[in-house]
Amino acid sequence: MLVSKQNRRIVYENLFKEGVLVAKKDYNAPKHQDLDVPNLQVIKLAQSLTSRGYVKTQFSWNYYYYSLTNEGIEYLREYLHLPSEIIPVSARRSTGHTPADRRYVCTCRTHTRRQPAQHVPAHHPRETRMPREPTVLLEAQTRVTDVETMAQRRKRAQIQASARDLALDVALLHHSARSVSLAISLHALVTHNRVSLSLS
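For the sequence shown, UniProt numbering gives the first residue as 1, with consecutive numbering after it.
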């Protein structure tokens, strides 16, 4: 697809600045939601970069999500004639420190569960976050009770099925007993008729 140099530069500058690009899957849109470029041209430029390995593409809920790879950063830096000090926002590392409420604890059983990370001995290289909030624990407990109720339902269904099978067996026995008694009475009737016929 032919794209003007001006539109190509606008898309590439925005992609390099942010490190990511989002485009709705609407090929007839007159312009992109953030840029003054037709949406189709934005999608096609991103597809071109994807085919060359400069961008990773994800598609979800009618939106394309494009993110620059390291090769893409180098390519756009060269295309836009930018110095190496300038990097995309998504590639910058956060310099802020972690909040105070985000504590890490040792997971071994010899230490208490709420012991802060600074008291963890050196032989424990792996640290994990503290247990989740009580609401998450309640959700886990409700999931456990849901699993228990599902097991109880399964057990009840098995009992009902075996009761149905037992009732069917009883009905068959009753039917066979009735047919046996009918056969006995028929046999008795036939033998009685033979006896009466032989006497006469």
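Glycine is no exception: its CB is placed at the ideal position from the N, C-alpha and C atoms.
Closest in alpha carbon position to residue 28, among 162, 2 and 42, is 42.
Secondary structure note for residue 57: its beta strand (DSSP E) is the uninterrupted segment 55-60. Residue 46 counts as buried, since at least 16 other C-beta atoms from the protein chains shown sit within 10 angstroms of its C-beta. Under the three-state reduction of DSSP output, residue 23 falls in the strand class.
Excluding residues up to 5 positions away in sequence, 45 lie with their Cβ nearer than 7 Å to the Cβ of residue 8 in the same chain. In terms of Cα proximity to residue 16, the closest of 49, 39, 38 and 161 is 49. According to the DSSP secondary-structure assignment, residue 67 is paired through a beta bridge with 20 and 56. At the C-beta level, residue 20 and residue 67 come within 7 Å of one another.
71 is the residue among 153, 182 and 71 whose C-alpha sits nearest the C-alpha of residue 54. Spatial neighbours of residue 31 in its own chain (CB-CB distance under 7 Å, excluding positions within 5 residues in sequence) are listed in chain order as 37, 38 and 39.
Note that the C-beta distance between residue 3 and residue 65 is not below 7 Å.
Distance from the CA of residue 170 to the CA of residue 150, rounded to the nearest whole angstrom, comes to 30 Å.
In the DSSP assignment, residue 46 falls within the alpha helix (DSSP H) that extends over 39-51.
Rounded to the nearest angstrom, the gap between the Cα atoms of residue 191 and residue 157 is 50 Å. Shortest Cα-Cα distance from residue 73 to any of 18, 177, 186 and 33 involves 18. Here residue 76 is buried, its C-beta having at least 16 other C-beta atoms within 10 Å. With a threshold of 16 other beta carbon atoms within 10 Å, residue 180 falls short and is exposed.
Contact between residue 33 and residue 24 holds: their C-beta atoms lie close to 7 Å from each other, under 8 Å. Residue 63 and residue 161 have their C-alpha atoms spaced approximately 49 Å apart.
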